[in-house]
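In my numbering, the protein residues as written are 465 to 899. Even for Gly, the Cβ is constructed at its ideal location relative to N, Cα and C. Below is one structure, written out as structure tokens, with a few remarks after it.
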Amino acid sequence: MKTLDTIARTLTLSFAATTAMWMFSYISLLFAGPSGGEVLFVLSGLSLVFAGLLNARCGGNACQSVWIGGISAFINLMLLGSMVGGGEEALSKGILWFGVLLGGSIGLSWTGAQIGQKMRICYKAFDWQYEFFVMASLLVFLMLVTGGLVTGFEAGLAVPDWPNSYGHNMLLYPLTEMVSPENEGVFFEHAHRLTGMFVGLTSLVMLVCAWRWNARCVVRFAATLVFVFVCLQGLLGGLRVTGYLTLSQDRAVLDPNVWIGVVHGVVGQLIFAGFVWIAAMMSPTWRGSSIENTSNKSDVRLGTLLVCAMIFQLVLGAVYRHMLGVESLAPKATHVLYTHIAVAIIVLVFSVLLGLRLRARDHQILKTYGAIILTLVGLQFLLGGGALIAILLQSGSEIPSYEVVLTTLHQANGALLLGASVASLAWVRRTSRVQ
465 MKTLDTIART LTLSFAATTA MWMFSYISLL FAGPSGGEVL FVLSGLSLVF
515 AGLLNARCGG NACQSVWIGG ISAFINLMLL GSMVGGGEEA LSKGILWFGV
565 LLGGSIGLSW TGAQIGQKMR ICYKAFDWQY EFFVMASLLV FLMLVTGGLV
615 TGFEAGLAVP DWPNSYGHNM LLYPLTEMVS PENEGVFFEH AHRLTGMFVG
665 LTSLVMLVCA WRWNARCVVR FAATLVFVFV CLQGLLGGLR VTGYLTLSQD
715 RAVLDPNVWI GVVHGVVGQL IFAGFVWIAA MMSPTWRGSS IENTSNKSDV
765 RLGTLLVCAM IFQLVLGAVY RHMLGVESLA PKATHVLYTH IAVAIIVLVF
815 SVLLGLRLRA RDHQILKTYG AIILTLVGLQ FLLGGGALIA ILLQSGSEIP
865 SYEVVLTTLH QANGALLLGA SVASLAWVRR TSRVQ
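So, in structure tokens, the structure goes:
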């Protein structure tokens, strides 16, 4: 059991540190300048230091911290290719860069371990198997945010081909071309593709962990199903760009499909909901031997109605955002918007009712999710109103940054609300007699 916890802690901290590194690097490339970008880039390196420190404070040794740095370095190979590129010298440059990456990553995590060993041991009990699934859910959420920025800036077709990127292997597309001001939108689209590959790797590891760490058939089945959907999601993302399976980058023969883009957006959020559901089932409280029956069938019905309404609302939102990006469909998007607003009222009613009912339950987890749902649904209405005003005020072909920020925040908060709704449904089922 101790060995299993050690493996879970090492995987969790290495993947979490790498996720933080990717997030800081993404933001640093957005705000590259005399200070902001460099500071964020330094923070990405400090993520490994913190991971090593936390590992030591939780009872891990320096060797385990070295493993954290090594695993992170291997994950970051997905980014290393963009710095090396192709060409005759690519192999030698790649080996050199990987040596630097591996040594630097191990050095940072080892340094964190040395600092952590000089600090007081943290006696708070972490269930690292559960923490890994929480970390995986956060990564999927970050991918949804990058996808929202792609849609917001209408950059979904900035890279014409798939699975290549402008003829390059996706992992070898040069960073200089990716961030070049001349290639408008390429950064957002290509970064989203790379993040999707990271999610694919994480879902594969999650699948293996679910089968190794948990004997319950429902968890294994859910992890397998989510992995299949992640693979399908990657294919949908490519077909949205090309329209059919091809390696061509000639826009004249490609057939981008906006409706596949809609399905791609919806499936992405459903995958996030699936990760959240699995994380709930992996929590130590869920796996406890005895849980009081604090919910009833009405809670289950209301939770189910809320999730169904949220999914329908998600479809409407995805249809509306994608129709706005197509000149021939934009004038027809108004009725979709009106329906989206009408369904939002239904979601509000279900959310408030469920949130208040959960707040009245004796179970602390239900109380917490009740408060989260009430908070998120209120924030969602504010963000939705702001996003609508920003869209209506837009004039000209250039998309203002504030509009993209508001629409992406609205989409991201909607994903959080969907995740909270799914988690609350899982828990009301767990704490009721409906099993």
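Span of the alpha helix (DSSP H) around residue i
i	result
residue 763	761-788
residue 673	650-677
residue 630	Neither: residue 630 is in no alpha helix (DSSP H) and is coded neither H nor E.
residue 617	It is not in any alpha helix (DSSP H) - residue 617 carries neither H nor E in the DSSP assignment.
residue 732	722-746
residue 693	681-706
residue 536	526-539
Same chain only: Cβ atoms within 7 Å of residue i, ignoring 5 sequence neighbours per side
i	result
residue 737	882, 883 and 886
residue 823	831, 834 and 835
residue 801	784
residue 655	490 and 610
Where residue i falls: helix, strand or coil (DSSP)
i	result
residue 859	coil
residue 799	helix
residue 792	coil
residue 827	coil
residue 866	helix
residue 481	helix
residue 713	coil
residue 625	coil
residue 643	coil
residue 469	helix
residue 582	coil
residue 589	coil
residue 521	helix
residue 750	coil
residue 610	helix
residue 899	Reliability of the predicted coordinates at residue 899 is poor, the pLDDT of 46 falling under 50, and no value is obtained from them.
residue 718	coil
residue 637	coil
Contacting residues, own chain, Cβ-Cβ under 6 Å from residue i (five flanking each side not counted)
i	result
residue 790	722
residue 684	674 and 675
residue 537	565, 566 and 569
residue 609	876
residue 665	none
residue 530	570 and 574
residue 478	532, 535 and 536
Cβ separation of residue i and residue j, assumed to be a contact under 8 Å, to the nearest whole Å
i	j	result
residue 776	residue 807	6 Å
residue 649	residue 622	3 Å
residue 539	residue 482	5 Å
residue 515	residue 576	6 Å
residue 580	residue 518	7 Å
Same chain only: Cβ atoms within 8 Å of residue i, ignoring 5 sequence neighbours per side
i	result
residue 712	625, 706 and 718
residue 476	592, 595, 596 and 599
residue 605	736, 876, 879, 880 and 883
Quiz prompt | Touching by the beta-carbon criterion (3+ pairs, under 8 Å), the stretch 480-493 and the stretch 504-514 | solution = yes
Quiz item: Within the chosen definition, does the stretch 696-706 reach the stretch 724-744 through at least 3 CB pairs nearer than 8 Å?
Solution: yes
Self-check item: At least three beta-carbon pairs within less than 8 Å, the stretch 767-781 to the stretch 808-819
Solution: yes
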